Structures are given as C-alpha cells and as structure tokens.
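At position 297 of the sequence shown (counting the first as 1) the number is 297 in the numbering used here, and the numbers step up by one without a gap.
The structure appears below as structure tokens.
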Amino acid sequence: MSDQSTFAARHIGPDGEAVAAMLAVIGVDSLDELAAKALPAGILDRLTDGGVAPGLDRLPPPATETESLAELRALAEANTVAVSMIGQGYYDTLTPPVLLRNIMENPAWYTAYTPYQPEISQGRLEALLNFQTMVADLTGLEVANASMLDEGTAAAEAMTLMHRAARGKANRLAVDADVFAQTAAILATRAKPLGIEIVTADLRDGLPDGDFFGVIAQLPGASGRVTDWTGLVEQAHDRGALVALGADLLAMTLITPPGEIGADVAFGTTQRFGVPMGFGGPHAGYLSVHANHARQLPGRLVGVSLDVDGTPAYRLALQTREQHIRRDKATSNICTAQVLLAVLAAMYASYHGAEGLTAIARRVHSHAEGIAAALGDALVHDTYFDTVLARVPGRAAEVIAAAKAHGINLWRVDDDHVSVACDEVTTDEHVAAVLEAFGLHTTGQAGGGAGIITRTSEFLTHPAFTQYRTETAMMRYLRALADKDIALDRSMIPLGSCTMKLNAAAEMEPITWPEFARQHPFAPASDTPGLRRLIADLETWLVQITGYDAVSLQPNAGSQGEYAGLLAIHDYHASRGEPHRDICLIPSSAHGTNAASAALAGMRVVVVACHTNGDVDLDDLRAKVGEHRDRLSTLMITYPSTHGVYEHDIAEICA
Numbered sequence: 001m002s003d004q005s006t007f008a009a010r011h012i013g014p015d016g017e018a019v020a021a022m023l024a025v026i027g028v029d030s031l032d033e034l035a036a037k038a039l040p041a042g043i044l045d046r047l048t049d050g051g052v053a054p055g056l057d058r059l060p061p062p063a064t065e066t067e068s069l070a071e072l073r074a075l076a077e078a079n080t081v082a083v084s085m086i087g088q089g090y091y092d093t094l095t096p097p098v099l100l101r102n103i104m105e106n107p108a109w110y111t112a113y114t115p116y117q118p119e120i121s122q123g124r125l126e127a128l129l130n131f132q133t134m135v136a137d138l139t140g141l142e143v144a145n146a147s148m149l150d151e152g153t154a155a156a157e158a159m160t161l162m163h164r165a166a167r168g169k170a171n172r173l174a175v176d177a178d179v180f181a182q183t184a185a186i187l188a189t190r191a192k193p194l195g196i197e198i199v200t201a202d203l204r205d206g207l208p209d210g211d212f213f214g215v216i217a218q219l220p221g222a223s224g225r226v227t228d229w230t231g232l233v234e235q236a237h238d239r240g241a242l243v244a245l246g247a248d249l250l251a252m253t254l255i256t257p258p259g260e261i262g263a264d265v266a267f268g269t270t271q272r273f274g275v276p277m278g279f280g281g282p283h284a285g286y287l288s289v290h291a292n293h294a295r296q297l298p299g300r301l302v303g304v305s306l307d308v309d310g311t312p313a314y315r316l317a318l319q320t321r322e323q324h325i326r327r328d329k330a331t332s333n334i335c336t337a338q339v340l341l342a343v344l345a346a347m348y349a350s351y352h353g354a355e356g357l358t359a360i361a362r363r364v365h366s367h368a369e370g371i372a373a374a375l376g377d378a379l380v381h382d383t384y385f386d387t388v389l390a391r392v393p394g395r396a397a398e399v400i401a402a403a404k405a406h407g408i409n410l411w412r413v414d415d416d417h418v419s420v421a422c423d424e425v426t427t428d429e430h431v432a433a434v435l436e437a438f439g440l441h442t443t444g445q446a447g448g449g450a451g452i453i454t455r456t457s458e459f460l461t462h463p464a465f466t467q468y469r470t471e472t473a474m475m476r477y478l479r480a481l482a483d484k485d486i487a488l489d490r491s492m493i494p495l496g497s498c499t500m501k502l503n504a505a506a507e508m509e510p511i512t513w514p515e516f517a518r519q520h521p522f523a524p525a526s527d528t529p530g531l532r533r534l535i536a537d538l539e540t541w542l543v544q545i546t547g548y549d550a551v552s553l554q555p556n557a558g559s560q561g562e563y564a565g566l567l568a569i570h571d572y573h574a575s576r577g578e579p580h581r582d583i584c585l586i587p588s589s590a591h592g593t594n595a596a597s598a599a600l601a602g603m604r605v606v607v608v609a610c611h612t613n614g615d616v617d618l619d620d621l622r623a624k625v626g627e628h629r630d631r632l633s634t635l636m637i638t639y640p641s642t643h644g645v646y647e648h649d650i651a652e653i654c655a
C-alpha cells in the first residue's frame, strides 16, 4: 500500500492503475522502459547505489505536506515583520479579503494556463482588458498591454520601444538622476548589448546637449520629489526624442498623468494595488502608449471582436508584433505576462473605484504632509506625494536606528539624508513614531505638498470600475469570470508548455503569510533571515539537481533566463578577449523567445535547419558552425525540443 502522506502521492494525479493503462496503450511494460525508449542512452546518468542520479543523493529527504508547511513556518517565524516606510518602488498595501479568497486562494484563477487560447480564457481576458483600461485611464494614454514582468523590465521595454520608434535617428538615452536605483541598473544592463549610450543627468535643468532617441524620468522620483515634466517633454519633442515616464498609479489619481503632459510612454508597477511586496515580487508591471505606438508595444494585448452572432469576444490582438511570429524581429522576448497579479490589481481598482483610490491617495499624501510640516527647514523637496526626504547632517544612522526601535524601517539615502515613504497602511501612530525618531514631536500645517493635486480628468468610469463595490457583487463577478475559463480545478489542460505545472494549495498558502508577503526587498538583512535561508537552500538544491556550479533566481520568466544566460556567455567571450563573437545558432523548430532573446542580447541569429520531426539537421549544423566559426558565440537549443522530443544526437550537437 502506497504512502499517501508523501507530497508526490498527493500531487501526481495518475495512480498505478492509470499509469499501467497508459503504458499498455503506448506498448511498454514500465516507466523505466518508456524512459529508455525516450531518452538517448548516452546522456543517462549512472545511478548511485541508492538508485538515484549523482547529485540527487545530496538533497534532503522528501517531506510531506505537513512537514513542508512546518519547515516554511519555521523559516517565516525567523523573519521580523516591521512597518515598512522604505518606499523606493515597493509599498505595503491592503489586499481586500474578497480578492485574497476569490483570486489568490482560488484554484480557478491560480491554476489556469496562460491565456493563449481565447476559447477557454474569456474570463481572464476580460479581467486583463480591465487591467489595460485601468492603466490607460490612470496614465492618460490610449493603449496599455496586458502587464509586464515588473517595473524594471517595463522601463527597459520602454527604452527599446522608443529606440525602435526612432528608427536609428540617435543612439543615446537621457535618464533622470532621480529614477529608482533598480530601474537605472536594469536600463544599463539592457542598453549595453544594444549599443545604447545612457546619459544620466538632473533633467530639471533640461535635456543635455546632443541627439537623443528617448528620455526616461520618474513621477514621483526616487527622492519623493514631484516634478512637472511638461517643459522637458516639449523640449524633447522639439529635438526629435520620445519621453517615457515611470508613473506611480496611486499618485496618478491626484497628479496630472503622463499622457496629459505629452509623454509618449508610461511604465511602472501595479504592486501597491493590493499586491503584497513579497520581498520584491512577483508584481505586475505595466506599459502604456499613445495609439500611434500600439504596434511597438511588447507582450500581450487583449482586444475585442464580434463573433458570427455579433456577440463580443475577447482575444489576443496585434500578435504579429510578438516573438512566436516575428522571432528575432519581435518587439520583445516576453511571451507571457503576470496574469494572476494583473487580475488582482485590476480587481483592486474595480473594488475601490475612482473615489476609493483617490481617498487612499489623499490619506497617504496627508500623512506625508504631516511629516513634512514637522520637518520644517529639514525638508529637502516641498513637492511630494507619499515620500519626504529629510536633511539630517551626520545623523542618518541615528535616525534609522531610532525608528527601528519603534519597529519601523526607513530609507537611508546617505549619511546626511533619510527618506520616509507613507502608504495605504500608514497610521497616525506610525507618523508620531517617525517624528520621534527625528527628535520631533509635533506636526504643523503642510507647506507646499498640496500643490501636487493637479489632476482634473476623470478615470475608471467604465462599469467594470463602478458596479462591484460590495463583497457580494465582487464575489459574483469573479465567479462569473472564472466560469468562462478552464483551469485545473475543472479538468486537465492538454497543452504542453514550459509553464505547465500544478500550483498546489500547500505551496500557495505560505505566499500569503505576512512574514513572507510584507517584506520589503531592501529591508535590513536582520529582518529576513528566514527568507534568505529559503533562497539559499533553493539555489543549493538546484545546483545539486542540475550539476552546475551556481544558479541565479533573479530572472522571473523563462525568457528572462534565456536573456541572462546569453549575457553571461557574451561576457565569457569578452573575458577571453573575444567580444566580437556574436553569432547565435538556433534550430528552426525552437520557441520564438530564443531568437528574440538573442536579438535583445545584441547577437545575430543564424537558423539551423531541422528535419520534419523537429530534430536538428546535423549536416546543416556542421555547415553553419564551419561558416561562422570565427564569430560563433552560442548554440541555443531546447531540450526536450519544442516538439517534446529528446534528440538522440544531443551529445554530438553540443560537442
């Protein structure tokens, strides 16, 4: 009798009888025989005396669901849940219970397949259209896509979008010095292989001399400063450059949005719309543009068509931009989106509506005003939304420590400056504790912050954002949407893909625990030993499983893992004095992201022919290697192949 308490027994659906029936249809007697037929003998590991592959014998013994949850609980309890007033693009938020229970904890939403097939994805496509509408309304632009992977990569996609739109007129990008540090770092990484030069400057002083294809600034900035970028936008346009603004969507309920001051692109994150910080992610990023740039957008774009009966139907639109069609000519290598979290953010906006979001924003801003008023002459910027920057000569460490004694984390800018970010969970008691940390005890009248409230246009007027303000109405709406989809709560999904997996309830539950969910990525290391241990353990186990020496968990999608690997290969060649190696060989049967990733990494794609069954044509591979040997950088191959087959010649191909 099998042990039903094991994780595998609970989560691998077919039992022995079902497996035997399938094997009989295939014509083999056992799973071992099936594996021997499917896998080339030359790549099979010699098993250890314990009957496992080398490396796997060093893994800890398997755990049951109960044991796994106990281990995770111990890791969670090692963390400290402080009040985060760090900001810098990550803010605490309140997830309405009706959304937590009916989206994040509902397998009808979290086990669904990526909505490639509109026939079984109408509910999620409608929810994503709501997301696009929300972003477009709040940013004042006409078209938004169905989410990005995060804010940093959204900024990078904004950069490449503007670069394409400029059609080679210039190769320099101006970046304001007050963008988030992580955004600046990702821009630098993504610009280098494309030969884009980044010029960083205080753009309040205007655009630097020379030609630029684009400009990127933040609204509000990393320092908390709210800048009117109207003059910069006009100057950039006069000189033939496009402008992208990183916009805080909650702030956009009060501040004149990017589209209304003439910006061409807006990017950012929807994290503070009910999505926990989660130690940095995952969160749904966004990207919006004026309609004339819609065909330059990366990623998924949901549109509406009419079926033969005249009934509206949702589908993925303008797909000729995307990697599965354009391959190395695609607008991006992104092939999916943060659907679950985009749905959560859209429903947060639907549940609160324009009035509710504006009330939250005003409350956040009011708390920031109270701190700013008390700081007086120590206040660096007098225009802010949620974050105030204080001048504390030589006292930054002291102020940080004093706030920490009250259970509050602030942001140390340098020895002389500390910033304080307010958010949806900030209370009067938090404000009082912060002021005490600064050595202040009273608040006064705000001095200038109210000047940021300049938005006059309406937003979120669609019925999707006005009809579902009660728990019952929202619950029924979410149920109606889920009923239009097929997810694993209804049936198997016979669609093989790199994203096919079971998100088990025992794995999803800890995501919502505050010890994990409410951690800021820049929190002191002393607050997050459990999370750091979890990450380190996973890296160690993946090294043991894969046989590599190191593993990075930084890429948050397969396409981004491809890209990171290609950059590592490029740097390897450069370290050997061969930076000119830029040819990437890719089989014609490969997934479109492979070619798109290579192009983004600054490589030239050379296609290797395949046989009708999808296997690589060895003769053509040898010919292409010989032809490009002096500039050959990489062979990118999917294993098993996109056709689902383990090629028997893989050892020779890699050799």
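Idealized CB from N, CA, C, for every residue including glycine.
Since we're looking at a predicted model, the values are computed, not measured.
Distance check between R581 and each of V543, Q544, I545 and H628 places H628 closest, using alpha-carbon atoms only. With contacts defined by Cβ atoms closer than 9 angstroms, T139 and S332 do not form a contacting pair. Contact between Q271 and Y90 holds, with the beta-carbon distance rounding to 6 angstroms and staying under 8 angstroms.
Sequence-distant partners of L47 (beyond 5 residues in either direction) whose C-beta falls short of 6 angstroms from its own C-beta are missing from its chain. Shortest Cα-Cα distance from I186 to any of D617, Y563, A609 and C654 involves Y563. Annotated three-state conformation of C335 is coil, per DSSP. Boundaries of the alpha helix (DSSP H) harbouring R10: F7 to H11, taken from the DSSP string. Looking from the CA of D549, the closest CA among E539, G558 and N556 belongs to E539. Counting along the chain, C422 sits inside no alpha helix (DSSP H), nor does DSSP assign it H or E at all. Inter-residue distance for V607 and I583 is about 10 angstroms (C-alpha atoms, whole angstroms). Distance from the Cα of E142 is smallest, within the candidate group A291, I103 and L31, for A291.
With fewer than 16 neighbouring CB atoms inside 10 Å of its own CB, P529 falls in the exposed class. Following the DSSP letters along the chain, one finds G285 inside the beta strand (DSSP E) bounded by residues G285 to V289.
Here T227 is near T383, since their CB atoms are less than 9 angstroms apart. Taken in chain order, the complete alpha helix (DSSP H) segments of 4 residues or longer contained in the segment 530–576 are 558–575. Taking the CA atoms as reference points, L301 sits about 41 angstroms from A372. Comparing C-alpha distances from A70 to each of S526, W513 and H611 shows the shortest one belongs to W513. When the alpha-carbon of A437 is set against those of L318, S419 and V308, the nearest one is in S419. M492 and A9 have their C-alpha atoms spaced approximately 17 angstroms apart.
In this structure, A191 and A361 do not form a Cβ contact; the two beta carbons are roughly 33 angstroms apart against a cut-off of 8 angstroms.
Going by beta carbons, L600 and T200 fall outside the 9 angstroms limit. By the CB criterion at 9 angstroms, T336 and E151 fall outside the cutoff.
Counting only runs of 4 or more residues that sit fully inside the segment 221–285, the alpha helix (DSSP H) segments are 230–238, in chain order.
Per DSSP, the continuous alpha helix (DSSP H) segment holding E398 begins and ends at A396 to A405. Counting along the chain, G16 sits inside the alpha helix (DSSP H) bounded by residues G16 to I26. For the pair F7 and Q554, the Cα-to-Cα distance works out to about 27 angstroms.
Cβ contact annotation for L379 (same chain, cutoff 8 angstroms, sequence separation greater than five): A372, V388, L389, A390, R391 and G447, in chain order. In the structure shown, E197 falls within a strand segment according to DSSP collapsed to helix, strand and coil. W411 has S419 as its beta-bridge partners, per DSSP.
By the Cβ test, the segment 637–653 is in contact with the segment 613–626, since at least three Cβ pairs between them sit closer than 8 angstroms. At a Cβ-Cβ threshold of 9 angstroms, L566 and A595 do not count as neighbours. For the segment 599–647, the continuous beta strand (DSSP E) assignments of 3+ residues that do not extend past its boundaries occur at 604–608 and 632–635, in sequence order.
The beta carbon of I261 sits closer than 7 angstroms to the beta carbons of W229, T230 and V233 from its chain, once the five residues preceding and following it are set aside; these are given in chain order. In the three-state reduction of the DSSP assignment, T512 falls in the helix class, which pools H, G and I.
Just so you know, the alpha carbons of A505 and A284 end up roughly 22 angstroms apart. Between I400 and the set G376, A433, E369 and V308, the nearest pair of CA atoms involves A433.
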